[in-house]
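Contents: one structure, followed by commentary.
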Amino acid sequence: MEPSKDLSSLRIVPAGPSDIDALFGIYAEMAADGGAEPQHGKPLRQTFNEGWVRDRAVYAAHLDGVMAGGYFLRPNFPAFAAHIAQGGYLVARSVRRRGIGRKLVEHSLHQATADGYTAMMFNLVMESNPSRRLYESVGFKVIGSIPNVQGNEGALIYWRELAPRTSSSLSGQ
């Protein structure tokens with residue numbers, strides 16, 4: 000069953016075990032499309048678990064009861080700057096270009112703020128990635144680049160402040 004284009008039934012919730020399995024299916028789609036690859040000869044599932052599940056809060060998006068995508072949040076620099084969130088996003092091939100990616104990003108921004116993060120950053124492999132327009136439309140800025148992340152292809156570093164830093168957030172209180 001293909002989900003409708005109407006997003007009124009979209010539900011974004013903390014991911015359970017069956018959601019993680021479904022998100023891996025979407026990740027495998029992305030890998031088949033050239034958007035992800037196993038690292039250092041690891042199986043794709045291991046790469047997914049290490050990059051998407053371990054030490055992360057994972058959220059699943061269901062549209063008409065069908066897995067449509069998801070995202071994760073985690074501290075980007077746990078030992079030094081745990082107030083900065085890192086996020087990653089997946090949207091199922093069958094429902095792309097319907098606004099689900101935007102809903103996931105908006106939800107993650109609200110969730111990261113509610114979780115006490117003051118900024119968010121992530122790397123985006125593939126400089127021609129169409130999601131760039133989405134990220135930039137919600138206030139993310141490119142602050143740098145990383146060469147040769149996936150073969151010869153680089154990545155862009157995106158950043159966005161979530162909440163103004165106060166003296167208490169600077170001192171860790």
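Residue numbers (numbering that gives the first Met the number 0): 0 to 172.
Heads up, the beta-carbon is just placed ideally off N, CA and C, and yes, glycines get one too.
Problem - Per-residue burial, S107 [other beta carbons within 10 Å of its own, 16 or more giving buried] - result: Answer is buried; the Cβ neighbour count reaches 16.
Problem - Backbone secondary structure at L6 - three-state DSSP - result: The answer is coil: DSSP assigns L6 none of H, G, I, E or B.
Practice task
May I ask you to list the residues that DSSP assigns as paired with E152?
Solution key: Q149
Practice task
Indicate the three-state DSSP secondary structure (helix, strand or coil) for A67 in the structure shown.
Solution key: Looking at A67 - three-state DSSP - the assignment turns out to be strand.
Exercise for the section: Compute the Euclidean distance between the alpha carbons of E49 and F121, then round it to the nearest angstrom. Expected result: Roughly 16 Å between the two C-alpha positions.
Practice task
Tell me where the beta strand (DSSP E) around M125 begins and ends.
Solution key: M125 -> no beta strand (DSSP E), and no H or E assigned at all.
Practice task
Classify N147 as buried or exposed, calling it buried when 16 or more other Cβ atoms lie within 10 Å of its own Cβ.
Solution key: Exposed, since its Cβ has fewer than 16 Cβ neighbours within 10 Å.
Handout entry: For E105 and S136, the rounded distance between their alpha carbons
Key = 11 Å
Problem - Reduced DSSP secondary structure (H/G/I, E/B, other) of A60 - result: strand
Practice task
Consult DSSP for F23 and reduce its assignment to one of helix, strand or coil.
Solution key: helix
Problem - Nearest-angstrom Cβ-Cβ length linking L89 and S8, presumed shorter than 8 Å - result: In this structure, L89 and S8 do not form a Cβ contact; the two beta carbons are roughly 19 Å apart against a cut-off of 8 Å.
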